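In the numbering used here, the protein residues as written are 249 to 635. Remarks on the structure that follows.
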Amino acid sequence: MRDLLSAPPRAGQGVNLYLFRLARVLHAYRTEREILEMLRASVAGCGRVVGEQEIQRAVENSRRVAWQPGAANAPARPASSLWPPPDPERRRAVLAQNDGFTLTDLWDSSPVRLADDEPQAEAVVDALFPGDPLLCCGQSSAVFATRRRSRWRGRLAGLALMVPSPMTSRTGRTRDGRVSQHTLENTGPRRHLIIEQDGGTPDEQAAILAHLGLFAPLALVVHSGRRSLHGWFRCGSDPEREARALMRYACVLGADRATWTRSQFVRIPDGLRDNGQRQYVLYLDPTPDLSLNPEAALNPDAALNPEASLNPEASLNPEACSKMDAGSDSAATVPPEVSADVRRHTGTRATLTPAAPPEPNSARPRDNQRRQYTLYSSQPPTSAPTL
């Protein structure tokens with residue numbers, strides 16, 4: 249317990265898991281009120297605002313697996329956890345087979361480019377959430393509201409967070425019975441699954457998201473304004489079952505499980521983080537191909553052959569991954585805030601028009617004679633999308 253108290257993580261290093269582990273041990277020695285106070289103090293300087301709901305949830309979830317002095321150690325996580333642990337070897341294998349794919353390749357392959365350096369949060373949100381749905385947005389996890397899309401118009405570029413699915417009502421009840429405008433109860437059916445990774449370089453994160461694009465339609469990639477990329481994957485006709493299959497594989501490759509919760513706040517595309525950094529949109533496909541099957545079981549033959557029979561319980565296989573050829577001669581580059589290793593943004597995120605489609609590359613062997621499969625491609629619409 250002293251070891252845990254003396255070494256709290258920084259934001260992005262597993263704050264939620266730390267709270268759970270610490271609360272699990274403290275149950276044997278402190279009242280729940282004391283545990284709440286100790287958890288608040290332990291993460292007060294972690295680098296982000298840790299909401300009261302996160303702390304209370306850690307205490308509640310850890311109660312049933314609380315450690316008891318003199319008893320054999322219980323699992324560090326609830327036995328009912330849906331998610332497999334990260335597999336560093338599997339992640340390295342995927343990255344090795346995707347050798348050479350970079351953040352710039354992801355940027356170049358975007359079917360739609362945003363215009364100039366002006367914030368485009370309004371246009372992107374309109375594309376992802378057509379009509380006038382209820383959206384929950386905010387400056388932080390403590391300052392938010394649920395309003396019609398039309399009432400948010402003109403304000404999104406200055407906000408940081410949103411729920412990635414429409415809401416069903418203005419308010420709902422939290423787990424402890426309080427009325428709030430941000431609850432799981434008033435969050436509608438899953439529209440997007442957000443994949444965020446806790447570690448790795450921007451190039452590695454881009455490669456993983458492109459690889460996952462084999463198994464679910466990739467609609468959006470947003471830079472968090474710090475060091476991570478958030479991939480928005482469009483859900484199909486059976487969103488929970490399909491999304492769960494993709495999330496399990498993403499966890500194996502190092503994804504953060506927190507974004508599984510439907511009501512979890514994520515970064516507003518092209519919004520403004522609390523540190524003043526723009527949350528750049530790096531990839532946008534407003535109408536991704538929903539025929540992709542996210543339960544492809546990560547089998548390379550099934551992934552490259554849409555007609556193949558797919559087994560959602562098959563073993564995860566990284567062999568489907570190899571380099572994607574963007575095939576674009578655009579002069580646009582990734583914004584400099586995203587990575588110091590890429591060229592300076594030239595301000596040519598031109599007029600919300602489709603980018604050129606990737607050139608077919610499956611017929612060109614590499615110098616080692618291994619086939620260069622396309623990780624993700626999207627045929628552009630016949631005319632420029634109206635956003």
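All residues carry an ideal CB built from backbone N, CA and C; glycine is no exception. Fair warning: this is a prediction, and the values are worked out from it, not measured in the lab.
Starting from residue i, trace the alpha helix (DSSP H) both ways and give me its first and last residue.
i, result
"Cys499", "Pro487 to Val500"
"Ile516", "Counting along the chain, Ile516 falls outside any alpha helix (DSSP H), and DSSP gives it neither H nor E."
"Thr394", "Where Thr394 is concerned, there is no enclosing alpha helix (DSSP H), although the beta strand (DSSP E) it sits in stretches over Phe392 to Arg396."
"Leu284", "Glu280 to Ser290"
"Leu253", "Arg250 to Ser254"
"Leu351", "Leu351 to Asp356"
"Glu212", "One cannot answer for residue 212 here, as it falls past the ends of the chain, which runs 249 to 635."
"Asp504", "Neither: Asp504 is in no alpha helix (DSSP H) and is coded neither H nor E."
"Glu366", "Element bounds for Glu366: n/a, residue is neither H nor E."
"Leu404", "That residue, Leu404, is in no alpha helix (DSSP H); it is neither H nor E in DSSP."
"Arg339", "Pro336 to Gln345"
Which word fits residue i, buried or exposed, when buried means at least 16 other C-beta atoms lie within 10 angstroms of its C-beta?
i, result
"Ser310", "buried"
"Gln527", "buried"
"Gly406", "exposed"
"Asn523", "exposed"
"Thr352", "buried"
"Arg312", "exposed"
"Pro359", "buried"
"Asp251", "exposed"
"Gln316", "exposed"
"Ser444", "The amino acid at residue 444 is misidentified as Ser; the sequence shows Glu. Answer is buried; the Cβ neighbour count reaches 16."
"Thr509", "exposed"
"Leu253", "exposed"
"Ala292", "exposed"
"Asp347", "exposed"
"Glu561", "With a pLDDT of only 31 at Glu561, under 50, the local geometry of the prediction cannot be trusted, and the value read off the model is given with reservation. Classification for Glu561: exposed."
"Thr507", "buried"
"Pro367", "buried"
"Arg399", "exposed"
"Gln261", "exposed"
"Ala369", "buried"
"Arg281", "exposed"
In terms of residue numbering, what span does the beta strand (DSSP E) encompassing residue i cover?
i, result
"Tyr531", "Val529 to Leu532"
"Leu267", "Leu267 -> not in any beta strand (DSSP E); alpha helix (DSSP H) instead, spanning Val263 to Leu274."
"Leu382", "Leu382 to Gly386"
Does the distance from the CB of residue i to the CB of residue j come in under 8 Å?
i, j, result
"Asp451", "Asp504", "no"
"Leu382", "Arg418", "yes"
"Ala493", "Phe481", "no"
"Arg272", "Ala314", "yes"
"Arg496", "Pro332", "yes"
"Val263", "Val307", "no"
"Arg515", "His478", "yes"
"Ser476", "His440", "no"
"Val470", "Pro536", "no"
"Gln525", "Gly473", "yes"
"Val500", "Arg340", "no"
"Leu267", "Ile303", "yes"
"Ala491", "Arg423", "no"
"Ser428", "Gly420", "yes"
"Gly448", "Gly502", "yes"
"Gly519", "Leu404", "yes"
"Arg296", "Ala259", "yes"
Could you tell me whether any Cβ in chain C is nearer than 8 Å to the Cβ of residue i?
i, result
"His478", "Within the model displayed, chain C is absent; a lone protein chain is all it includes."
Does the ligand NAP have a heavy atom nearer than 7 Å to the CB of residue i?
i, result
"Pro359", "The ligand content of the structure shown is nil, which means the ligand NAP is not present either."
In chain order, which continuous runs of the alpha helix (DSSP H) of length 4 or greater are located wholly inside the region 433 to 487?
Those alpha helix (DSSP H) runs which fall completely within the region 433 to 487 and span 4+ residues are 450 to 460.
Would you call the region 456 to 464 and the region 383 to 401 touching, i.e. three or more CB-CB distances under 8 Å?
Contact between the region 456 to 464 and the region 383 to 401 is absent: fewer than 3 CB-CB pairs across the two stretches fall below 8 Å.
Is the region 528 to 535 touching the region 364 to 379 in the sense that three or more CB pairs, one from each, lie closer than 8 Å?
Counting Cβ pairs under 8 Å, three or more are found: they touch.
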